[in-house]
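Using the working numbering, you'd call the opening residue of the sequence shown number 1 and step up by one each time.
Backbone N, C-alpha and C fix where the C-beta goes; we use that ideal spot for every residue, glycine too.
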Amino acid sequence: MKRILPVLFFILVCMATLVYMGRAIPSFRADVSENKGIYKSIPMNRSQFLRQTYNNCAPYSAMAVISILRKNIIDPEKLASEINWRMEKNLTFPQGLVNLLHNYDVETKEYAMSRYSNEEKINWLKNMADNNTPVVLLVKQHNILHFITLLGYDSHGFMFYDSMQERRGENSEMTKVDHPEYEGNRYYSAEEFLPMWNEGHVGIFFKNWAVVCY
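If you want it as structure tokens, here you go:
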């Protein structure tokens, strides 16, 4: 029995750590109050609508947030060299993105919004945009997990900086822009975006994960 207790304790600690680091516990008290707003945008320097290099959506999303909040134009490849919590082929855990933002004096608050309805998720995203706080979200795009940055909304959908948007030209570092009259380089209707966000997880981990940045 004396040998079993330390083993059980170790297993419990490992499980608790996994649940915590995997953000498996849904968020409570998120501001999902009804939002009937019809338009809001968070300005981002359009020279930063860059096409990411291989599996570097996390540092490119961090670049967008730093550009918006700190008015600091920084090379995303520099950020890619600094980010931690990476796996094989540059796959990045959300914790790596959060740590990188903290290194550049960006405050963050993480959410796991899986317990909320789609309507409540829409309200929450709009409420965050109304606060002028960019939000990085983990979604599933083209069958891979991917970070994108919320830059606003209209009455039908949302504006994003998406570093995996198509290139403007074959050899261009810049991306195409879906709607030049809007903020960001990518626009998704709510009906298009919500399934992407709802599928952006690994099992029970990181369901509807997002990090709000200040």
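Residue i (DSSP reduced to helix, strand or coil)
{"i": "residue 54", "result": "coil"}
{"i": "residue 160", "result": "strand"}
{"i": "residue 151", "result": "strand"}
{"i": "residue 71", "result": "coil"}
{"i": "residue 172", "result": "coil"}
{"i": "residue 24", "result": "coil"}
{"i": "residue 141", "result": "strand"}
{"i": "residue 60", "result": "helix"}
{"i": "residue 206", "result": "coil"}
{"i": "residue 30", "result": "coil"}
{"i": "residue 186", "result": "strand"}
{"i": "residue 167", "result": "strand"}
{"i": "residue 65", "result": "helix"}
{"i": "residue 211", "result": "strand"}
{"i": "residue 41", "result": "strand"}
Buried/exposed call for residue i, threshold 16 Cβ in 10 Å
{"i": "residue 208", "result": "buried"}
{"i": "residue 10", "result": "In this predicted model, residue 10 has a pLDDT of only 45, less than 50, meaning its place in the structure is not dependable; the value taken from the coordinates is given anyway. Flag for residue 10 reads exposed."}
{"i": "residue 123", "result": "buried"}
{"i": "residue 158", "result": "buried"}
{"i": "residue 44", "result": "buried"}
Unbroken alpha helix (DSSP H) run spanning residue i, endpoints
{"i": "residue 77", "result": "76-82"}
{"i": "residue 121", "result": "118-130"}
{"i": "residue 88", "result": "Looking at the DSSP string, residue 88 is not in any alpha helix (DSSP H), and its letter there is neither H nor E."}
Identity of the residue in the options nearest residue i by Cα
{"i": "residue 175", "options": "181, 186 and 182", "result": "186"}
{"i": "residue 178", "options": "162, 147 and 191", "result": "162"}
{"i": "residue 117", "options": "64, 211, 26 and 102", "result": "26"}
{"i": "residue 40", "options": "168, 155 and 28", "result": "155"}
{"i": "residue 36", "options": "113, 188, 170 and 126", "result": "126"}
{"i": "residue 190", "options": "119, 137, 203 and 78", "result": "119"}
{"i": "residue 89", "options": "109, 111 and 53", "result": "53"}
{"i": "residue 47", "options": "203, 188, 182 and 173", "result": "173"}
Where the beta strand (DSSP E) containing residue i begins and where it ends
{"i": "residue 106", "result": "Taken as a continuous stretch (DSSP letters only), residue 106 belongs to no beta strand (DSSP E), as it is neither H nor E."}
Beta-carbon proximity check, residue i vs residue j, cutoff 8 angstroms
{"i": "residue 121", "j": "residue 69", "result": "no"}
{"i": "residue 42", "j": "residue 134", "result": "yes"}
{"i": "residue 62", "j": "residue 97", "result": "yes"}
{"i": "residue 73", "j": "residue 81", "result": "no"}
{"i": "residue 99", "j": "residue 85", "result": "yes"}
{"i": "residue 200", "j": "residue 151", "result": "no"}
{"i": "residue 23", "j": "residue 206", "result": "yes"}
Check: residue i C-beta below 7 angstroms from any heavy atom of the ligand SAH
{"i": "residue 199", "result": "With respect to the ligand SAH, the structure shown offers nothing to examine, as it has no ligands at all."}
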